[in-house]
Amino acid sequence: MELRIEGLTKKYHEVTAVDDVSYTLTSGVYGLLGVNGAGKTTLMRMLCTLLKPSAGAIYCDEKDIFGMDGEYRRLLGYLPQDFGFYPDFTVWDYLLYIASIKGLRPAVAKERAKLLIEQVGLSKEKNKKMKKLSGGMKRRAGIAQAMLNDPQILILDEPTAGLDPNERIRFRNLISELSEERLVLLSTHIVSDIEYIAKEILLMHNGRIEMSGTAQELITAMPEKVWSIEVSKSEIDSYIKAYKISNIKAVQGGTELRLLSENPPAPNAVLETPTMEDVFLYYFGESAGEADD
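Note that my numbering numbers the sequence shown so that position 123 is 123, with each residue one more than the last.
If you want it as structure tokens, here you go:
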């Protein structure tokens with residue numbers, strides 16, 4: 001399975017949401033990393049044929065996806081950031097309803113729904129109404145509906161938005177399990193969502209793919225400019241104004257700052273090994289905190 005993106009562009013009047021993106025995706029997990037507003041959702045909606053590009057093309061095994069019509073959609077599973085559901089449907093009824101929309105035969109739909117409910121850990125909640133589920137459980141139900149047709153291409157838009165750290169870990173593990181022999185593209189603005197499960201990470205900024213590679217390749221390619229330094233509390237504000245700060249930690253006798261700088265920011269600064277959060281900060285110019293949408 002191969003998805004090839006060529007010169008993909010999407011414009012809304014004077015605004016360019018996706019700007020001349022080209023990339024080739026094969027089986028495995030890809031992480032699309034960028035701040036909110038980077039163009040991730042627009043790109044994903046074009047990959048799902050929900051939006052037509054202003055220019056460029058997308059090919060699935062050398063066929064234009066917009067010409068494949070239903071043939072392509074049968075290969076596709078999609079979890080949008082905000083997916084719709086009838087609040088009074090139970091999890092079981094919701095999955096059977098989505099399965100009917102996707103054209104699955106009733107016997108197949110029941111078999112797939114049963115399997116997926118177990119796989120996403122909702123067996124005890126299958127007869128619970130959707131409106132009674134926690135945020136994490138709703139996202140699990142969303143993953144299940146995306147997997148009903150056993151897709152070869154799975155596209156997940158900010159799947160961990162609003163989840164607590166434990167649910168995020170569970171989600172990452174689930175996505176790793178589901179990725180075997182299929183292509184998975186997961187967008188996020190949270191580094192930890194993809195750092196350990198993505199075979200390649202695409203850094204998206206202002207509608208463009210600025211850099212891509214494995215987590216280690218991105219870290220290795222980053223210039224040596226991550227420093228730690230101990231400062232007094234009275235000095236913190238001046239450093240925040242002058243540098244990109246990735247971490248602030250109280251230590252005995254003062255405060256330790258982790259920051260980006262071309263040169264040592266002070267005589268006592270120590271050069272540190274970069275992390276993916278430092279890479280995020282370097283390319284996007286803001287902290288990669290665990291913020292929700």
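Backbone N, C-alpha and C define an ideal beta-carbon position, used for all residues, glycine too.
As the structure is a prediction and not an experimental result, all values here were calculated from the model.
Close CB contacts of LEU51 within its chain, under the 8 Å cut and outside five residues either way in sequence, are with LYS10, THR42, ARG45 (chain order). Inter-segment contact for the segment 86 to 99 and the segment 117 to 135 is present: three or more beta-carbon pairs are separated by less than 8 Å.
For ASP19, the closest C-alpha among the options GLY253, ARG208, LYS244, LEU218 is that of ARG208. Cβ neighbours of LYS102 within its own chain (closer than 7 Å, five residues either side excluded): LEU148, ASN149.
Distance from the Cα of PRO151 is smallest, within the candidate group TYR72, TYR239, ILE236, for TYR72. Per DSSP, GLY253 lies in no beta strand (DSSP E) segment and is marked neither H nor E. Beta-bridge partners assigned by DSSP to THR24: ARG4.
Sequence-distant Cβ neighbours of ARG258 in its own chain, meaning closer than 6 Å and more than five residues away, are SER228, SER246, ASN247. Just so you know, the alpha carbons of ILE58 and GLU118 end up roughly 34 Å apart. In the three-state reduction of the DSSP assignment, LYS244 falls in the strand class, which pools E and B.
By the C-beta criterion, the segment 212 to 229 is judged not to be in contact with the segment 69 to 83, since fewer than 3 inter-stretch pairs fall below 8 Å. Put simply, the backbone Cα of LEU202 is about 26 Å away from that of GLN145. For GLU200, the enclosing beta strand (DSSP E) covers residues 200 to 205. Annotation: the continuous beta strand (DSSP E) that includes GLY77 extends over 76 to 79.
Per the coordinates, the alpha-carbon of GLY28 lies some 7 Å from the alpha-carbon of GLU180.
Counting along the chain, the unbroken beta strand (DSSP E) around GLU210 starts and ends at 208 to 213. GLY31 is bridged by DSSP to LEU186, ILE201. A straight-line Cα-Cα distance of about 27 Å links GLY142 and ASP61. Here LYS138 carries a helix assignment [DSSP, helix/strand/coil]. Cβ neighbours of ALA109 within its own chain (closer than 8 Å, five residues either side excluded): LEU95, LEU96, ALA99, SER100, LEU148.
With a beta-carbon spacing of about 6 Å, THR188 and LEU33 fall inside the 8 Å limit used to define contacts. Unbroken beta strand (DSSP E) stretches of 3 residues or longer found wholly inside the segment 54 to 128: 55 to 60, 76 to 79, given in chain order.
In this structure LEU183 is not in contact with THR24, their Cβ atoms being roughly 11 Å apart against a cut-off of 8 Å. With at least 16 other beta carbons inside 10 angstroms of its own, LEU3 counts as buried.
A buried status is given to GLY31, since no fewer than 16 other beta-carbon atoms sit within 10 Å of its beta-carbon. The C-beta distance from ARG172 to ILE155 rounds to 16 Å, too long to fall under 8 Å, and the pair is not in contact. Per DSSP, VAL191 has no beta-bridge partner at all.
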